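A.B. asks: Sequential numbering from 81 applies to the sequence shown in the working numbering. Note that beta-carbon positions come from the ideal geometry of N, C-alpha and C, so glycine has one too. Here the structure is a predicted model, which means the values were calculated and not measured. Pasting a structure below so you can have a look.
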Amino acid sequence: MAKIQSYELKNGQKRYMFQLYIGMDPLTGKEQRTTRRGFKTKKEAELTLARLKLEIDKGNYKKESPETFQEVYELWLDQYKKNKVSESTLVKVTRVYRKHIIPAFGQYRIDKITVEVCQKHVNDWFDRFDDYLTIRRYTSRIIDFAIKRGYTQSNPMKLVELPSRRIELSDDEESNEKFYDRTQLIEFLNCLEKEKNYKAYSMMRLLAFSGMRRGEALALTWNDINFKTNEIRINKTLSRGLKGRLLVKPPKTKKSIRTIEMDQKTMGILDEWKKRQKQDYFKLGYNTLKPDQLVFSNKYNEYLQLAIPQKWMLSVQKKYELEKISPHGLRHTHCSLMFEADATIKEVQERLGHNNINTTLNIYTHVTKKAKSEAIQKFANYINI
């Protein structure tokens with residue numbers, strides 16, 4: 081017997097659904113069921129259920145194709161999981177659908193979605209998110225899948241007008257990623273050194289003086305660090321997998337696997353942290369002298385959560401009223417200061433593991449524009465008329 085059940089949408093609204101047995105599949109010999117959801121009232125669900133039962137009893141029922149966007153998405157997801165996608169990529173993709181797309185499109189009939197409906201949601205995403213084009217592209221992907229399966233005829237998402245952000249200072253626009261100049265970096269590290277968290281200080285110094293990614297730093301083990309040659313081998317990164325699971329995997333590109341030289345002072349700070357780690361973790365019952373010991377670990381001597389470095393930075397930035405940047409901003413800081421120290425584009429690309437030299441060039445262009453702007457200001461201050 082089919083049972084009508086209630087459920088809640090993310091916005092708190094109540095809906096009803098049911099699942100009904102509709103007979104045996106003549107091709108596979110397995111039971112077939114149809115699921116209907118999205119009813120606003122229980123009465124509406126009961127009427128639809130009664131109609132379907134009558135059709136089945138008279139032999140007039142024909143199994144319908146998936147009706148809603150969410151039903152098509154679930155079919156697409158089953159197929160997508162069969163592709164060779166990494167666990168972390170699957171998590172990122174499904175998060176976009178779960179947080180932004182399904183709440184907006186989930187209950188729409190796939191064959192009734194119009195250009196006007198798509199435009200409304202694209203405009204809303206544009207107002208709320210910088211990366212609205214990704215959300216729009218993922219939505220379009222499901223409708224394309226529905227076309228291939230014959231559930232609908234056209235993709236209205238491809239006909240929307242894409243809004244664009246007004247660029248007020250096109251000649252001097254700054255990179256989206258905030259970063260520190262030399263003076264700001266020194267102040268940030270000095271403030272951090274005053275705090276009673278040498279682990280955080282060591283990590284931020286490493287990020288700022290190496291340019292490595294946050295995930296690369298969190299995956300480091302002591303056998304990656306050569307104190308004799310002052311070199312660090314970067315060959316893995318920490319990322320998030322299914323259900324929030326942390327996992328270590330190789331970098332996305334061969335360029336990201338690299339060995340970088342470090343300055344003597346940063347290596348001295350890391351060596352001091354290694355000694356303090358040995359003492360601190362011995363009290364917790366852990367031996368940190370193993371070669372594969374993590375350089376930065378939590379109190380259980382396991383991987384730190386990816387959000388922890390950002391929390392450390394925010395704490396210091398708020399306390400000392402410093403400009404707020406992210407851990408990735410320290411990578412950009414390193415890149416910018418390398419250029420100011422007259423490093424070549426090729427040297428910076430190899431040090432940061434940029435697969436595409438255009439990524440390096442974009443930062444270089446920004447730094448040179450900033451230097452030109454500062455130069456003319458120095459001139460004006462000098463003339464002082």
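#1: Would Gly103 be called buried (16 or more neighbouring beta carbons within 10 Å of its own) or exposed?
#2: Could you tell me the distance, in whole angstroms, from the CA atom of Leu402 to the CA atom of Leu410?
#3: Does Ser282 come out as helix, strand or coil in the three-state DSSP assignment?
#4: Going by C-alpha distance, which of Thr115, Gly109, Tyr153 is nearest Leu100?
#5: Rounded to whole angstroms, what's the CA-CA distance from Asn435 to Asp211? Just pull it up for me.
#6: Does DSSP put Ile314 in a helix, a strand or coil?
#7: Can you look up Arg178 in the DSSP assignment and give me helix, strand or coil?
#8: Pull the bridge partners of Gln85 from the DSSP assignment, please.
#9: May I have a chain-ordered list of the beta strand (DSSP E) segments no shorter than 3 residues that lie completely inside the stretch 302-368?
#10: Just grab the DSSP bridge partners of Met104 for me.
#11: Checking the sheet assignment: what are the DSSP bridge partners for Thr148?
#12: What are the uninterrupted segments assigned as alpha helix (DSSP H) that are 4 or more residues long and contained completely in the stretch 193-263, given in chain order?
#13: If I measure Cβ to Cβ from Pro183 and keep anything under 8 Å in the same chain, skipping five residues before and after, which residues do I get?
#14: Between Tyr177 and Tyr153, how many whole angstroms is the CB-CB distance? I'm expecting something under 8 Å.
#15: Give the secondary structure of Phe289 by DSSP, where H, G and I count as helix, E and B as strand, and everything else as coil.
#16: Taking the alpha helix (DSSP H) that Ile477 falls in, what are its first and last residues?
#17: Please state whether DSSP places Ser395 in a helix, a strand or coil.
#18: Could you spell out where the alpha helix (DSSP H) holding Asp137 opens and where it closes?
#19: So, helix, strand or coil for Phe268, using DSSP?
#20: Going by DSSP, name the residue or residues bridged to Arg117.
#21: Under the assumption that Arg294 contacts Leu269 (Cβ atoms under 8 Å), give the Cβ distance between them as a whole number of angstroms.
C.D. replies: Straight from the coordinates:
#1: As a working note, residue 103 is residue 23 in the sequence shown. Taking all protein chains shown into account, Gly103 has fewer than 16 neighbouring C-beta atoms within 10 Å of its C-beta and is therefore exposed.
#2: Working through the sequence shown from its first residue, we reach residue 402 at position 322. Working through the sequence shown from its first residue, we reach residue 410 at position 330. Approximately 14 Å, taken between the alpha carbons.
#3: Sequence index remark: in the sequence shown, residue 282 carries index 202 (1-based). Assigned with DSSP and collapsed to three states, Ser282 falls in helix.
#4: Position 20 of the sequence shown holds residue 100. Ranking the options by Cα distance to Leu100, first place goes to Thr115.
#5: Here the question's residue 435 lines up with position 355 in the sequence shown. Here the question's residue 211 lines up with position 131 in the sequence shown. Their Cα atoms are separated by approximately 22 Å.
#6: Within the sequence shown, numbered from 1, the residue matching residue 314 stands at position 234. Ile314 carries a strand assignment under DSSP once its states are collapsed to helix, strand and coil.
#7: Numbered from its first residue, the sequence shown carries residue 178 at position 98. In this structure, Arg178 counts as helix in the three-state DSSP scheme.
#8: Within the sequence shown, residue 85 is the residue found at index 5, counting from 1. Secondary-structure assignment with DSSP links Gln85 through a beta bridge to Met97.
#9: With a minimum length of 3 residues, the continuous beta strand (DSSP E) runs that stay inside the stretch 302-368 are 311-314, 317-320, 326-329, 338-341.
#10: The sequence position of residue 104 within the sequence shown is 24, counting from 1. Beta-bridge pairing links Met104 to Glu111.
#11: Translated into positions along the sequence shown, residue 148 becomes position 68. Paired residue(s): Arg189.
#12: Whole alpha helix (DSSP H) segments, 4+ residues: 195-208, 212-228.
#13: Position 103 of the sequence shown, counting from 1, holds the residue named residue 183. For Pro183, where only same-chain residues beyond five positions count, the Cβ hits under 8 Å are Leu89, Lys90, Asn91.
#14: To locate residue 177, count along the sequence shown from 1; it is residue 97. To locate residue 153, count along the sequence shown from 1; it is residue 73. Your pair Tyr177 and Tyr153 checks out as a contact, with CB atoms roughly 6 Å apart and the cut at 8 Å.
#15: Here residue 289 refers to the residue found at position 209 of the sequence shown. In the three-state scheme derived from DSSP, where H, G and I count as helix and E and B as strand, Phe289 is classed as helix.
#16: Because the chain in this structure spans residues 81 to 465, residue 477 falls outside the shown range and cannot be described.
#17: As a first step, residue 395 is located in the sequence shown; it is residue number 315 there, counting from the start. DSSP places Ser395 in helix when its eight states are reduced to three.
#18: To locate residue 137, count along the sequence shown from 1; it is residue 57. Taken as a continuous stretch (DSSP letters only), the alpha helix (DSSP H) holding Asp137 covers 122-138.
#19: Here residue 268 refers to the residue found at position 188 when the sequence shown is read from its first residue. Three-state DSSP puts Phe268 in a helix.
#20: Here residue 117 corresponds to residue number 37 of the sequence shown, with the count starting at 1. According to DSSP, Arg117 bridges with Met97.
#21: By 1-based counting over the sequence shown, the position of residue 294 is 214. By 1-based counting over the sequence shown, the position of residue 269 is 189. The pair is not a contact, with the Cβ atoms about 17 Å apart (cut-off 8 Å).
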